[in-house]
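In our numbering, the protein residues as written are 53 to 170.
Have a look at the structure below before the remarks.
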Amino acid sequence: MVSKRLSVKQANSLRQHRYILEKLSSSSKKDRLKILQNAPSELFKVLNMIFKLLADEKLHLSSHQDRKIGKHRRLIRSTSGLKGTHIKRKFSGQSGGTLSSILSTVLPVIAGLVQSIL
53 MVSKRLSVKQ
63 ANSLRQHRYI
73 LEKLSSSSKK
83 DRLKILQNAP
93 SELFKVLNMI
103 FKLLADEKLH
113 LSSHQDRKIG
123 KHRRLIRSTS
133 GLKGTHIKRK
143 FSGQSGGTLS
153 SILSTVLPVI
163 AGLVQSIL
């Protein structure tokens, strides 16, 4: 069961940016840089919202999903309060697959959450 901690406006913005988030979760570093450099500022608000939900543990994740996210908890906590430009700078410079692993784990849960709200 997922918690309903999103407003309708937040759910709409998640739905609007779902395609870009899916591309970010499966892209290489080169493609991720292009996407982040050309992304609208609303995308970074959506990323911030996702990181806040994860940091506050308002999403009910399965034990397998929790283990996949567990090694990134420090990054999630440090990113949850940042502004969009700082998030852009932080994820443009990363060389690993942290963003892609977080998004690939969380997007199915968020999809169910958005469907239950809308």
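Every residue, glycine too, gets a C-beta built ideally from N, C-alpha and C.
#1: What span of residues does the alpha helix (DSSP H) with Arg67 cover, start to end?
#2: Grouping DSSP H, G and I as helix and E and B as strand, with all else coil, what is Gly148?
#3: Please determine, among Gly145, Ile154 and Phe96, the residue with the shortest C-alpha to C-alpha distance to Arg126.
#4: Mapping the DSSP letters down to three states, classify Val158 as helix, strand or coil.
#5: How would you label Lys57, buried or exposed, when you count the other beta carbons within 10 angstroms and need 16 or more for buried?
#6: Let me check understanding here. Comparing Cα to Cα, which of Ile169, Lys120, Val98 and His112 lies closest to Thr174?
#7: When you compare only the Cα positions, how much space is there between Lys120 and Arg129?
#8: Mind listing, in chain order, the continuous alpha helix (DSSP H) runs of no fewer than 4 residues lying wholly within the segment 75 to 156?
#9: Within its chain, find whatever has a CB closer than 7 Å to the CB of Met101; leave out the 5 residues flanking it on each side and keep chain order.
#10: Measuring alpha carbon to alpha carbon, tell me which of Ser144, Ser156, Arg84 and Lys82 ends up nearest Gln117.
#11: How long is the line joining the alpha carbons of Ile162 and Ser65, rounded to whole angstroms?
Reading off the structure:
#1: Residue mapping note: residue 67 aligns to position 15 of the sequence shown, counting from 1. Note, Arg67: alpha helix (DSSP H), Val60 to Gln68.
#2: Position 96 of the sequence shown, counting from 1, holds the residue named residue 148. Correct three-state label for Gly148: coil.
#3: Walking along the sequence shown from the start, residue 126 turns up at place 74. The shortest C-alpha separation from Arg126 is found at Ile154.
#4: By 1-based counting over the sequence shown, the position of residue 158 is 106. If DSSP states are grouped into helix, strand and coil, Val158 belongs with the helices.
#5: Within the sequence shown, the letter at position 5 stands for residue 57. Per the sequence shown, residue 57 should be read as Arg rather than Lys. With fewer than 16 Cβ atoms within 10 Å of its Cβ, Arg57 is classed as exposed.
#6: Nothing can be reported for residue 174, as the shown portion of the chain is limited to 53 through 170.
#7: Sequence index remark: in the sequence shown, residue 120 carries index 68 (1-based). Sequence index remark: in the sequence shown, residue 129 carries index 77 (1-based). Answer to the nearest angstrom: the Cα atoms are 15 Å apart.
#8: 81 to 90, 93 to 107, 115 to 122, 125 to 131 and 136 to 144
#9: By 1-based counting over the sequence shown, the position of residue 101 is 49. Around Met101: Gln62.
#10: For this step, residue 117 is matched to residue 65 along the sequence shown. Comparing Cα positions, the closest option is Ser156.
#11: Within the sequence shown, the letter at position 110 stands for residue 162. Within the sequence shown, the letter at position 13 stands for residue 65. So the alpha carbons of these two residues sit roughly 12 Å apart.
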